[in-house]
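Q: The sequence shown maps to residues -28 to -1, 1 to 259 in mature numbering (1 follows the signal peptide of the UniProt record, and there is no 0). C-beta atoms are modelled at their ideal positions from N, C-alpha and C, and glycine is treated no differently. Here it is: the structure, laid out below.
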Amino acid sequence: MEYYQCGIVLRYVFFLALTFMTKHCVHAESGYRLVNIASPRTNPAACGRSTASWVCDPGRVISEEEAVRLNHLIDDVRKQTPCVCLDKSRCDASAPGIVVGVLLVPKVSPPDGSSVGQEMNRWAKELATSRWSFGACSDDIVIVFSRDDSRQLAVYANGRVASRVGGQPCLISILQGVQPYMSAAKYAEGMNYAVSSFKKVILEGVCPNPANSPGHKYPPAGSGDSGSSSSSSSSSSSSSSSSNGGTSNSSGSGSQGKSTNMGHSAGNVRAGSLLFSLLSITLMLVS
């Protein structure tokens, strides 16, 4: 009887383990959906993090060390940038600045009738305005990255934040500077570059020249490469797109927001309103 009970327990444990592995494999093979994305602040374990973080990486696109470094850089942006809320009392005195949230997934699973780009745009906007909404007054910047979907990026920032990072021209320059990192599969370094660039623009009013991006030192990886990135020492931030590629309402202040989607694969230019080498960026105003 004791052996029989033990067998039941073992079968139950095996069932749970199999269920977990099957669920994980479904994500890895067919991609993630927004419903699967947790908050790295309230459920860090589901985001591949051991403690509360600004980085959600459930599929371990970057290493633990890289995620820790990126999180520290985001904390630095919060502490060193000014409060953009109209009501300054809403800001944290020790970290009053802009909040950056980062989501990295191996692959996105769009529902029927949608595309990867549309889903990433919707994710970035919903994470920034409702699902995460880390900021004190909708002063969030969220960047979403999908490694195996041609290394696409979608970013969102509300109007007040977008104006602090130099508006549309500077946003384009920053994303162009990120592109060579992604083409070389240096994902964490690309995120770090973006964050440090936003911080520099906010504090110094200096928009980086993409031609000077350190990412150009890396040779492009193969177009099918889905390997993890190496360690880096910059920082990441960006702004998200609307879910349908059109206009939508940004949360918070009611000011206009900047919406950007970037897709790129080595040797390939994807459709968009503005085209660059190995890179396409579609820019819109979110009213």
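Can you name the start and end residues of the alpha helix (DSSP H) that residue 133 belongs to?
A: 131 to 136 is the extent of the alpha helix (DSSP H) around residue 133.
Q: Quick check on residue 122: does DSSP put it in helix, strand or coil?
A: Residue state, collapsed to three classes: coil.
Q: With DSSP run on the structure shown, which of helix, strand or coil describes residue 77?
A: Three-state result, residue 77: strand.
Q: Near residue 178, which residues of its chain fall below 7 Å by C-beta distance, leaving aside the five closest residues on each side in sequence?
A: Counting only Cβ-Cβ distances below 7 Å, and skipping sequence neighbours, we find 172.
Q: Below 8 Å on the Cβ atoms is my contact criterion, and I expect residue 43 with residue 25 to pass it. Report the Cβ-Cβ distance as a whole number of Å.
A: Rounded, the Cβ-Cβ distance is 5 Å, consistent with contact.
Q: Tell me which residues share the same chain as residue 152 and place their Cβ nearer than 7 Å to its Cβ, disregarding the 5 neighbours each side in the sequence.
A: So the list reads 185, 187, 188, 190, once near-sequence residues are dropped.
Q: Pull up the CB-CB distance for residue 126 and residue 92, whole angstroms please, since I reckon it's below 8 Å.
A: Confirmed, about 4 Å.
Q: Anyone know if the C-beta pair for residue 70 and residue 56 falls short of 8 Å?
A: Yes. Within cutoff.
Q: Between the alpha carbons of residue 81 and residue 115, how many angstroms are there, rounded?
A: Approximately 17 Å, taken between the alpha carbons.
Q: Just checking my contact of residue 29 with residue 76 at CB under 8 Å: how many whole Å lie between their CB atoms?
A: 5 Å between Cβ atoms; contact.
Q: Return helix, strand or coil for residue 153, following the three-state DSSP convention.
A: Three-state result, residue 153: helix.
Q: Is it the case that the Cβ atoms of residue 156 and residue 192 are separated by a distance below 8 Å?
A: Going by C-beta atoms, residue 156 is nearer than 8 Å to residue 192.
Q: What does the alpha-carbon distance come out to for the pair residue 60 and residue 32?
A: So the alpha carbons of these two residues sit roughly 37 Å apart.
Q: With distances taken from CA atoms, which of 74, 113, 53 is nearest residue 20?
A: Among 74, 113, 53, the Cα nearest to that of residue 20 is on 74.
Q: Using the C-alpha atoms, what's the distance from residue 40 back to residue 78?
A: About 19 Å.
Q: Rank 46, 145, 106 by C-alpha distance to the C-alpha of residue 11 and give the top, closest one.
A: Per the Cα distances, 106.
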